[in-house]
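In my numbering, the protein residues as written are 1 to 114.
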């Protein structure tokens, strides 16, 4: 079946109290979907199961991301999460915590029904 890309959203998330890449990634995904129209599928006669959601997370340490936990941030569809090298890490200074900044690209597609 062919897929038709319907929504592309970008988000940024930050963990300012440590190096928790999963927390930053979850916040980035939440930021991306907060301003999307994921509920639109009902208007075009589709169900949540018709949605295919591909998420790419950019973080300094991709192997530290719990992709299953990030996938739970998305309310609909079949979700695939991939963590790649990216984002930003700001090292800790005396008396402060390191900061992890993650970027998320959320691509939502529907199957074309053929």
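Ideal placement from N, C-alpha and C gives every residue a C-beta, glycine not left out. It should be emphasised that the depicted structure is a prediction, and the values quoted were computed from it without experimental measurement.
Own chain partners of residue i with C-beta closer than 7 angstroms, once the 5 adjacent residues on each side are dropped
i: residue 32; result: 9, 10, 11, 104, 106
i: residue 21; result: 59, 61, 64, 65, 100, 102
Local conformation of residue i per DSSP, three classes
i: residue 80; result: strand
i: residue 23; result: helix
i: residue 67; result: helix
i: residue 16; result: coil
i: residue 102; result: strand
CA nearest to the CA of residue i, picked from the options
i: residue 90; options: 47, 74, 60, 80; result: 60
i: residue 73; options: 29, 54, 84; result: 29
i: residue 44; options: 97, 6, 85; result: 6
i: residue 132; options: 47, 57, 3, 2; result: Examination of residue 132 is not possible in this model, given that the chain is present from 1 through 114 alone.
Terminal residues of the beta strand (DSSP E) in which residue i lies
i: residue 50; result: Looking at the DSSP string, residue 50 is not in any beta strand (DSSP E), and its letter there is neither H nor E.
i: residue 93; result: Looking at the DSSP string, residue 93 is not in any beta strand (DSSP E), and its letter there is neither H nor E.
Own chain residues within Cβ distance below 8 angstroms of residue i, not counting five before or after
i: residue 78; result: 49, 51, 52, 53
Cβ neighbours of residue i in the same chain (closer than 6 angstroms, five flanking residues each side left out)
i: residue 97; result: 17, 18
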